[in-house]
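Structure first, commentary second.
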Amino acid sequence: MSKILVVGSSNTDMVVKSQKIPKPGETVLGGEFFSFAGGKGANQAVAAAKLGGAVTFLAKLGADELGKNAIKGFEKVGINTDSILIEPNSHSGVALILVDSFGENCISVASGANNFISPQDIIDAKSIIQESKFVLTQLEIPMKAVEKLGEMAEELEVAMVLNPAPAQELSDLLFKRLYLITPNETEAEMLTGIQVEDENSAFSAAKFLKEKGVKNVIITLGAKGAFFLTDHESGLIPAEKVKVMDTTAAGDTFNGALVVALSEGKDIKDAIRFANRAAAISVTSMGAQDSQPFRNQLD
61 MSKILVVGSS NTDMVVKSQK IPKPGETVLG GEFFSFAGGK GANQAVAAAK
111 LGGAVTFLAK LGADELGKNA IKGFEKVGIN TDSILIEPNS HSGVALILVD
161 SFGENCISVA SGANNFISPQ DIIDAKSIIQ ESKFVLTQLE IPMKAVEKLG
211 EMAEELEVAM VLNPAPAQEL SDLLFKRLYL ITPNETEAEM LTGIQVEDEN
261 SAFSAAKFLK EKGVKNVIIT LGAKGAFFLT DHESGLIPAE KVKVMDTTAA
311 GDTFNGALVV ALSEGKDIKD AIRFANRAAA ISVTSMGAQD SQPFRNQLD
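In my numbering, the protein residues as written are 61 to 359.
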């Protein structure tokens, strides 16, 4: 089985679900409270593991109960946690999430130990990177660590997949080192300056990213599906229609599932279909990792 290394953030999500998301200065009563394991890196690692991937997770946690509980959760789904590091002078990451009656959300993150993942931590993981077929990361950890990961992935000839979330500027050198980038509409617009609204604008944005040197591009379009562009083909793969309860981990589930499918040798279209299916299931229940499907739910 091909190995997948996920490098990224781990948070505990504190979720309040209410009728609407309050405006600045407004208080909304009548909400329900939930606590879930989260963080984009952890979500993607768990999604991949639950779908049958051989996953190692490289992350940094605080020496606190939140961190200990997170590790127990990773081990429960079969993630290799040997590369999880403890930052003794910081708390584990926390995300405060507000979810409205339509399933839309807004999120504020206190990154804590996630901020301490360093380029040296990436260098120290050289043997793990080298053993992996795919390396998947996001932007909830310091950019210098992401850039070092890109450098080492290129050096070791390992395919690096970047989910550029939350959106921020990327260096030209990092673009050139990516096997695949997977922005959503908002992130694609931030990276390209092109407002992504439909298949045509998605093609324009994807072409811009390809010209930056990225080998393959997938732009996720929410309920519309996902648009892809490779050297040989492009197209829109429609999303599955489901009743949405909570979109919190949809993108993370998509990315984790996508890398599993690619690691199994699926072509990009079949990999997107697999990822769309996993993401669709994830939005039908509350929570991030708890809502992510197991493999038998897709087959």
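Beta carbons: idealized from backbone N, C-alpha and C, even for Gly.
Beta-carbon separation (whole angstroms), residue i vs residue j, contact threshold 8 Å
i	j	result
ASP73	GLY98	3 Å
SER143	ILE188	6 Å
GLY127	LEU121	3 Å
THR252	LEU222	In fact, because the Cβ distance is near 15 Å, the residues do not count as touching under 8 Å.
Residue j beta carbon less than 8 Å from that of residue i
i	j	result
ALA266	PHE235	no
PRO224	ILE241	yes
THR290	PHE314	no
LYS77	GLY91	yes
SER323	PHE194	yes
VAL137	GLY153	no
ALA338	ALA299	no
ILE297	ASN356	no
Helix, strand or coil at residue i [DSSP, three-state]
i	result
PHE194	strand
ALA185	coil
LEU230	coil
LEU281	coil
LEU111	coil
ASN336	helix
SER294	strand
GLU257	coil
LEU216	helix
ILE131	helix
LEU251	helix
ALA123	coil
GLY210	helix
Residue i burial status per 10 Å Cβ neighbour count (16 or more: buried)
i	result
ASP312	buried
GLY285	buried
ARG33	Here the chain covers residues 61 to 359 and nothing more, so residue 33 does not appear.
SER70	buried
ILE332	buried
LYS204	exposed
ALA130	buried
LYS63	buried
PRO243	buried
Strand pairing of residue i, partner residues [DSSP]
i	result
THR116	LEU65, ASN140
PHE354	DSSP output for PHE354 lists no bridge partner at all.
LEU158	VAL76, CYS166
ASN244	THR280
VAL221	LEU196, LEU240
SER264	Partner(s): none; SER264 has no beta bridge.
SER95	MET74
PHE287	ILE279, LEU296
Residue i CB to nearest heavy atom of the ligand PLP below 7 Å
i	result
VAL159	This structure simply doesn't include the ligand PLP, nor any ligand for that matter.
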